[in-house]
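Let me begin by presenting the structure, written as structure tokens, before commenting on it.
In the working numbering, the protein residues as written are 3 to 296.
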């Protein structure tokens with residue numbers, strides 16, 4: 003962003019630029035480039051850091067430049083019928099993974115990173131390790147998914163045994179754990195629940211190993227299923243999480259329970275789903291419906 007700012011002003015040194023130049027750049031981003039509010043705020047934060055920490059310049063005017071407030075958009079939510087239609091066009095692991103997202107409300111990244119040891123069939127629990135905010139949380143393991151998840155583990159174990167027989171590198175581990183227990187990645191409890199069928203190079207270490215199912219692979223399969231199901235809503239895998247939360251609230255679960263299951267640190271984030279339930283003035287009769295027929 004700093005490079006873009008400098009280029010925008012003809013490669014002038016930023017020390018010679020003031021509040022009007024910064025505002026002109028930010029206005030250009032908003033009005034000409036049509037960037038999102040979050041991108042606009044990111045650009046301003048980059049300039050604040052550059053002037054304050056790199057140039058060590060105290061510019062009170064930079065702090066006073068207005069930050070646009072992000073617009074609050076209601077999340078896209080699928081009806082149970084729409085979820086069933088989408089699931090009908092998914093197959094195998096992709097269908098199971100979509101069912102897991104809808105059945106637990108976990109984020110797609112959390113589902114992809116599940117390890118064998120995170121599934122507790124005896125207690126009907128799934129542990130999400132180091133979710134957003136680096137916090138662990140316990141989720142329900144849907145009873146209807148237990149048989150399919152056991153079958154998934156059988157398939158995963160076949161991949162694990164194959165890797166062991168071929169002397170492959172173990173799966174990737176969190177950095178601190180990999181340093182402390184370098185052999186843990188070879189153990190069955192740490193293997194992926196949803197393992198990729200091919201090997202790839204670990205960008206962190208350059209080691210060729212088995213990764214979890216690729217995010218993009220599932221995203222593409224889900225997008226095709228939405229189109230084939232004739233769903234016109236802009237649904238993505240994350241929409242399943244929104245639909246989970248809304249379904250629980252509609253069933254009468256309290257907001258704090260839903261907050262805990264979603265892993266939200268602030269209940270105000272969860273409150274957005276209560277607004278979804280009120281869309282269309284739920285419970286309010288339109289005055290048009292009170293008019294006599296024409």
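Virtual Cβ for every residue (Gly too), placed ideally from N, Cα, C.
Once the 5 residues before and after residue i are set aside, which same chain residues still bring their CB inside 8 angstroms of it?
i: residue 88; result: 80, 100, 224, 227, 228, 231, 233, 237
i: residue 41; result: 31
i: residue 57; result: 16, 17
What does a CB cutoff of less than 7 angstroms around residue i pick up in its chain, not counting 5 residues either side in sequence?
i: residue 261; result: 269, 272
i: residue 15; result: none
i: residue 131; result: 120, 138
i: residue 162; result: 190, 193
Kindly list the residues whose CB is nearer than 6 angstroms to the CB of residue i, restricted to its own chain and excluding five residues on each side of it in sequence; keep chain order.
i: residue 266; result: 272
i: residue 145; result: none
i: residue 188; result: 172
i: residue 109; result: none
i: residue 275; result: 247, 248, 251
i: residue 3; result: 45, 48
Buried or exposed for residue i, please, with buried defined as at least 16 other CB atoms from any protein chain shown within 10 angstroms of its CB.
i: residue 239; result: buried
i: residue 245; result: buried
i: residue 217; result: exposed
i: residue 165; result: buried
i: residue 123; result: exposed
i: residue 249; result: buried
i: residue 117; result: buried
i: residue 154; result: buried
i: residue 247; result: buried
Could you spell out where the alpha helix (DSSP H) holding residue i opens and where it closes?
i: residue 202; result: Here residue 202 belongs to no alpha helix (DSSP H); instead the beta strand (DSSP E) covers 197-203.
i: residue 244; result: 239-252
i: residue 105; result: 94-106
i: residue 275; result: 274-279
On the DSSP bridge assignment, give the partners of residue i in chain order.
i: residue 140; result: 129
i: residue 194; result: 117
i: residue 122; result: 127
Assuming residue i contacts residue j (C-beta within less than 8 angstroms), just tell me the rounded distance between them.
i: residue 31; j: residue 37; result: 5 angstroms
i: residue 194; j: residue 148; result: Between residue 148 and residue 194 the Cβ distance is about 19 angstroms, and since that is not below 8 angstroms, they are no contact.
i: residue 7; j: residue 95; result: Not confirmed; about 45 angstroms, so no contact.
i: residue 78; j: residue 49; result: About 33 angstroms; that fails the 8 angstroms criterion.
i: residue 115; j: residue 277; result: That belief does not hold up - the Cβ atoms of residue 115 and residue 277 are roughly 30 angstroms apart, past 8 angstroms.
What are the start and end residues of the beta strand (DSSP E) that includes residue i?
i: residue 213; result: 210-214
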